[in-house]
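Visitor: In this note's numbering, the protein residues as written are -11 to 64. Don't be surprised by glycine CBs; every beta carbon is placed ideally from N, CA and C. Below: one structure in structure tokens.
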């Protein structure tokens, strides 16, 4: 997994959700906007303080998290 230096988590910012560069912009919000049909260019126009690499890293982070698996532990 490549280093995603633009994705930050801080309990004091958005309840510890993964955010972009410590801002109050969550990975989930960006991914949800893309899933809803918004383009990267539209997001950049709506959020001028974001950079293209912020959005791309949010998508890479979400893809990485979606590949995680939960293992069922046998009950004793």
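Less than 8 Å separating the beta-carbons of residue 22 and residue 44?
Guide: Numbered from its first residue, the chain shown carries residue 22 at position 34. Numbered from its first residue, the chain shown carries residue 44 at position 56. In this structure, residue 44 does not lie closer than 8 Å to residue 22 by Cβ.
Visitor: Among all the DSSP beta bridges, which residues are the ones paired with residue -5?
Guide: Within the chain shown, the letter at position 7 stands for residue -5. The partner list for residue -5 (beta bridge, DSSP) reads 8.
Visitor: Determine the contact status of residue -6 and residue 41, defining contact as a CB-CB distance below 8 Å.
Guide: As a first step, residue -6 is located in the chain shown; it is residue number 6 there, counting from the start. As a first step, residue 41 is located in the chain shown; it is residue number 53 there, counting from the start. In contact: residue -6 and residue 41 (Cβ atoms closer than 8 Å).
Visitor: Roughly how far, in whole angstroms, is the beta-carbon of residue 35 from the beta-carbon of residue 13, given that I think they are within contact range, below 8 Å?
Guide: In the chain shown, counting from the first residue as 1, residue 35 sits at position 47. In the chain shown, counting from the first residue as 1, residue 13 sits at position 25. The pair is a contact, with the Cβ atoms about 7 Å apart (cut-off 8 Å).
Visitor: Just the C-alpha distance for residue 38 and residue 32, rounded to the nearest angstrom, thanks.
Guide: Working through the chain shown from its first residue, we reach residue 38 at position 50. Working through the chain shown from its first residue, we reach residue 32 at position 44. When rounded, the distance between both Cα atoms is 6 Å.
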